[in-house]
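Q:
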Amino acid sequence: MNPALAAARAGLSRGWIELRQTLTTRADLFGLLFRIGALLAVMIWTRHTHVPGTNFSLGTTTLVSVLGLNVVVSGVVTMGDLLVAEREDGTLLRAKAIPNGMSGYLLGKVVSTSGQVALTVAVTLLVGAFLFTGLAIGRPGGWLTLAWVLVLGLLATLPAGAVLGSLFPSQRSAGPWWLLLLGGLSAISGIFYPITHLPAFLRWIGELFPVYWLGLGMRSALLPNAMATVEVGHSWRHLATFGVLSAWAVAGLLLAPAVLRRTARRESGSTVAARREKAMRT
Amino acid sequence: MEDVLDVRGLRMRYGGTDVLSDVSFAARRGEVLALLGPNGAGKTTTIEILEGFRMRSAGEVRVLGADPARAGEAWRARTGVVLQSWRDHAKWQVRELLAHLGRYYAPYSTADVTRPWDADDLLETVGLAPQARKRVRDLSGGQRRRLDVAIGIVGRPELLFLDEPTAGFDPEARRDFHDLVRRLAGREEAAILLTTHDLDEAERLADRILILSGGTIIADGSAGELARAMPGRSEVRWSRDGQRFAHAADDATAFVRELFRQYGESVGDLEVRRASLEDTYLALVRQAEQGSPRTLTAVTA
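Chains as they are written, first to last, in this note's numbering: chain C, 129 to 410; chain E, 65 to 365.
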């Protein structure tokens, strides 16, 4: 068998094993369900508030937008954080010590993270269909949009997560930055409130990042078409969504391998041992 | 046959100081080499350069016929590195992890070597068969180290690196581990390079001992050869007329001959103890630190 193919298969199985572990480890499963539950609970509060200028439920709109935000959280933060943590604990070094191990490791992470995103979306929509009014989940075109937005969204965010994860020296130092990054971005990306109410320059900054476009893409897939009227230009802007997310994906896929190689090159038994000693002292 | 390891004039500089100034040695197939030396002598640096995990400053290094700084994945598949686990792969089951990591080696099987090592067979070999379905985080410290060894050899390496493999082992675990290493070198014909602080371990395991001090190899040979080549004194003990005697002799044989000539049958409880590896080691390192580098090469390849 060809080594690259063997590594690809090993990577796929690694992703599947890790996904299964998440679903069978009580704390991990609880964390996943808690996130979904908390999301639904918060949106239920705003179920009867209307999106300004319409009589459509703000809760439904926000629920869908947050699914888009969730892709970024999983793609960037989960991926980045795992990479920081697993560099610290020596998982990455083990991958480096076996032939094509790094490729298999990364593919595994992509698979397990994507699987978690797909699960989150599925469970949220399943429960949301009963609790919220106005979700347009009966259209085949909508599912198609959901599929390409999800895939492109993961491609745009996972490499970015890997790059950011390579930059932080330790998991502890990474935490506050993730929060700042996501808090700031979701505030200017129309996740909780339409972006049209923001000053123009903030809107432009928001439009540079994938969070806004993932939210918009999700809304276009799962809300009635008439809701496009509250968006910028009264349009779902599919072409722009495709363009911006693709640009992030291309940039990330070009940058990530080099950054990851550089990070992996610096790993050795003594660097992991030094971190272990540091972690045990503090 | 080509040497598995061939190191010539290896140098490593950090900032302005040489951690390794001139390290040269070689190893053949199936040979077990122990790298000894005081803390900070550069044992770990040396081993990490040979593993391809660290760039060297200068020198000629061939590991399995390739330069580890540039060698590819096919080369990687022929080496094994035993890493110290900490909390990685905590949720994985023991057998699951071993079988998974083994998959990467499958394309690198040759007519002589079937890769990877079958997971169940390997678990049996390292004595982890009863723990096969346990999660890694539920293993004891000793079991975890055995898993580390199993991961290091799952690809049936031609060359295995062990950096202080038995640190923190209890005596029984240490004995089991020594048996395993001897079996690997014997049956699998793997060359093994290990670093250790335990002289007893080095003496028991290694075919050849290298002592690293002051950035260079100051001794290279088997434990017996090092002791013989070192002008250490042997200790002679005996008893006569119920009285015990001890004497440090430069030439123990001549001393004992003279002893018998003078006192004949009244000599009893004779014991001759050659300088131990520990004595040799301490003497050599002391000499090197006092700045009278005297390279002792008992075996030249």
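No residue lacks a Cβ here, since even glycine has one placed at the ideal position from N, Cα and C.
#1: For Ser-240(C) and chain E, any beta-carbon pair shorter than 9 Å?
#2: For Gly-79(E), which of Gly-250(E), Ser-121(E), Tyr-168(E) has the nearest alpha-carbon?
#3: Using a cut-off of 8 Å between C-beta atoms, extract the partners of Thr-219(C) located in chain E.
#4: Report the neighbours of Thr-108(E) on chain B: residues whose CB is nearer than 8 Å to its CB, in chain order.
#5: Tell me whether Arg-175(C) sits in a helix, a strand or coil according to DSSP, three-state version.
#6: For Gln-41(E), which option in Arg-179(E), Trp-139(E), Leu-274(E), Ala-193(E) has the closest C-alpha, if you only look at C-alpha atoms?
#7: Going by the CB atoms, is the gap between Ala-98(E) and Ile-282(E) shorter than 9 Å?
#8: Give me the chain C residues within the contact set of His-164(E), using Cβ-Cβ distance strictly less than 8 Å, ordered along the chain.
#9: Is DSSP giving Ser-193(C) helix, strand or coil here?
#10: Whose C-beta lies closer than 8 Å to the C-beta of Val-363(E) among residues of the same chain, with five residues either side of it excluded?
#11: Can you list the residues of chain C that Gln-351(E) reaches, using a CB-CB cut of under 8 Å?
#12: How is Ala-283(E) classed by DSSP in three states: helix, strand or coil?
#13: What's the C-alpha gap between Leu-263(E) and Gly-203(C)?
#14: I need the straight-line Cα distance from Gln-195(E) to His-153(E), nearest angstrom please.
#15: Would Arg-140(E) be called buried (16 or more neighbouring beta carbons within 10 Å of its own) or exposed?
#16: Among Ala-223(C), Gly-345(C), Gln-149(C), Arg-409(C), which one has its Cα closest to the Cα of Asn-198(C)?
#17: I'd like to know if Lys-224(C) contacts chain E, where contact means its C-beta is closer than 9 Å to some C-beta of that chain.
#18: Taking Met-129(C) as the query, report the chain E residues whose CB atoms sit under 7 Å from its CB, ordered along the chain.
#19: Short of 7 Å in beta carbon distance, which residues of its chain neighbour Asp-67(E), apart from the five on each side in sequence? Order them along the chain.
#20: Would you please state the rounded distance, in angstroms, between the beta carbons of Val-336(E) and Ser-303(E)? I believe it to be under 8 Å.
#21: DSSP on Val-363(E), reduced to helix/strand/coil?
#22: Roughly how many whole angstroms lie between the Cα atoms of Phe-225(E) and Arg-350(E)?
#23: Relative to the C-alpha of Gly-229(C), which residue among Ala-135(C), Gly-262(C), Gly-143(C) is closest?
#24: From the beta carbon of Glu-160(E), is the nearest beta carbon of chain C less than 9 Å away?
#25: Quick check: the Cα distance between Leu-162(E) and Lys-198(E), rounded to an integer number of angstroms?
#26: Less than 9 Å between the beta carbons of Ala-352(E) and Gly-250(E), yes or no?
#27: Any idea which residues DSSP pairs Gly-332(E) with across the strands?
#28: Express the C-alpha separation of Ile-145(C) and Val-255(C) in angstroms, rounding to a whole number.
#29: From the beta carbon of Gly-160(C), is the nearest beta carbon of chain E less than 9 Å away?
#30: Nearest-angstrom Cα distance between Leu-244(E) and Leu-269(E)?
#31: Is the number of C-beta pairs between the stretch 204-216 of chain C and the stretch 165-172 of chain C that are closer than 8 Å three or more?
#32: Let me see if you follow: with CB-CB separation under 9 Å, is Ala-135(C) close to chain E or not?
#33: Pairs of beta-carbons, one from the stretch 101-117 of chain E and one from the stretch 307-320 of chain E, closer than 8 Å: are there three or more?
#34: Where do the N-terminal and C-terminal ends of the beta strand (DSSP E) with Ile-319(C) fall, by residue?
#35: Measuring straight from C-alpha to C-alpha, what distance separates Thr-248(C) and Leu-259(C)?
#36: Would a check of beta-carbon distances place Asp-227(E) closer than 9 Å to chain C?
A: The short version:
#1: no
#2: Ser-121(E)
#3: Asp-152, His-153
#4: Here the protein chains are C and E, and chain B is not one of them.
#5: coil
#6: The structure shown does not extend to residue 41(E), since chain E is modelled only from 65 to 365, so the question has no answer here.
#7: no
#8: Ala-138, Ser-141, Arg-142, Ile-145
#9: helix
#10: Residue confidence for Val-363(E) is low, a pLDDT of 41 falling below 50, so the modelled location carries little weight and cannot support an answer.
#11: By Cβ distance, chain C contributes nothing, its closest Cβ being about 28 Å from Gln-351(E), past 8 Å.
#12: strand
#13: 50 Å
#14: 15 Å
#15: buried
#16: Gly-345(C)
#17: yes
#18: Ala-170, Pro-171
#19: Ala-90, Ala-91, Arg-92
#20: 14 Å between Cβ atoms; not a contact.
#21: With a pLDDT of 41 at Val-363(E), under the threshold of 50, the predicted position of this residue should be treated as unreliable, though the coordinate-derived value follows. Reduced to three states, the DSSP call for Val-363(E) is coil.
#22: 28 Å
#23: Ala-135(C)
#24: yes
#25: 12 Å
#26: no
#27: Ser-303(E)
#28: 26 Å
#29: Here the sequence assigns Leu to residue 160(C), which means Gly is not the residue at that position. Chain E contact via Cβ: absent.
#30: 10 Å
#31: no
#32: yes
#33: no
#34: From DSSP, Ile-319(C) is part of no beta strand (DSSP E); its letter is neither H nor E.
#35: 16 Å
#36: yes
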